[in-house]
Amino acid sequence: MSNDEVVLSGSVVGKVLEVARACVDEKRKGWFVNMKQFRDAMDALNLDSREVSEALAYLKARMYVITFPDADGGGTKISVVPQWHQCRFCKMWLDMRDEREHHIDDCLRRQAKMARNQRLLFGGGW
Ligand SMILES: [Zn+2]
81 MSNDEVVLSG SVVGKVLEVA RACVDEKRKG WFVNMKQFRD AMDALNLDSR EVSEALAYLK
141 ARMYVITFPD ADGGGTKISV VPQWHQCRFC KMWLDMRDER EHHIDDCLRR QAKMARNQRL
201 LFGGGW
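Number 206 marks the last residue of the sequence shown (our numbering); no jumps.
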């Protein structure tokens, strides 16, 4: 019997994500979570580091967050992935969790349409 196995609960995952989003350091680019605030909040919620890292692994696997080792060697850094990002080619808003390859056809169509509209609007042609 392995009693040290962490049973990950949905509410823990939800809390971790909620806190991570709330602790995003808006002064810095890249949606970085302020780790001190984050850890303090985790302590306040009585979540131990193991539960937190399990929850982060779960969120990471689903593209909600990106985690990477801190350059200072002091643990993990978290970046919260924005749920939407704007395609720089066709300006369409995309869900980050969708596979981007699915957008390629659509993107090319939209770009062609944009080019056509541009010609109509600004290109003269008559
Ligand atoms: Zn696009």
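C-beta: ideal position from N, C-alpha, C; glycine also.
Report all residues from its chain with a CB closer than 8 Å to the CB of residue i; omit the five preceding and five following residues, and keep chain order.
i      : result
SER82  : Low per-residue confidence applies at SER82: pLDDT is 45, beneath 50, and the placement is therefore not dependable enough to give any value.
VAL104 : TRP111, PHE112, VAL113, ASN114, VAL160
ALA195 : none
MET172 : GLN166, HIS183, ASP186, CYS187, ARG190
So what's residue i in DSSP terms, helix, strand or just coil?
i      : result
GLU98  : helix
ASP52  : Only positions 81 to 206 of the chain appear in this structure, which leaves residue 52 out of reach.
ASP175 : strand
LYS107 : coil
GLN166 : strand
SER133 : helix
LEU201 : helix
SER91  : helix
ASN83  : Note that ASN83 scores 47 on pLDDT, short of 50, meaning its location in the model is unreliable; the coordinates nonetheless yield the value given after this. ASN83 falls in the coil class under three-state DSSP.
Could you check how far apart the C-beta atoms of residue i and residue j are, in whole angstroms? I think they sit under 8 Å.
i      : j      : result
VAL92  : ALA135 : 5 Å
LYS140 : ASP150 : Contact doesn't hold; Cβ gap of about 15 Å is too wide.
Chain D beta carbons: is any one of them nearer than 8 Å to that of residue i?
i      : result
GLN163 : Absent from the structure is chain D; it holds one protein chain and no more.
Taking the alpha carbon of residue i as the point to measure from, which residue in the options has its own alpha carbon closest?
i      : options                        : result
VAL145 : ARG130, LYS107, GLY94          : GLY94
CYS170 : LYS157, TRP164, ARG189, HIS182 : ARG189
LEU88  : ASN197, GLN163, TYR138         : TYR138
GLN117 : VAL96, GLU181, ASN197          : VAL96
ARG119 : GLU106, GLU98, LYS107, ARG108  : GLU98
Which residues in the same chain have their Cβ closer than 6 Å to the Cβ of residue i, if we skip the five residues on either side of it in sequence?
i      : result
ASP128 : none
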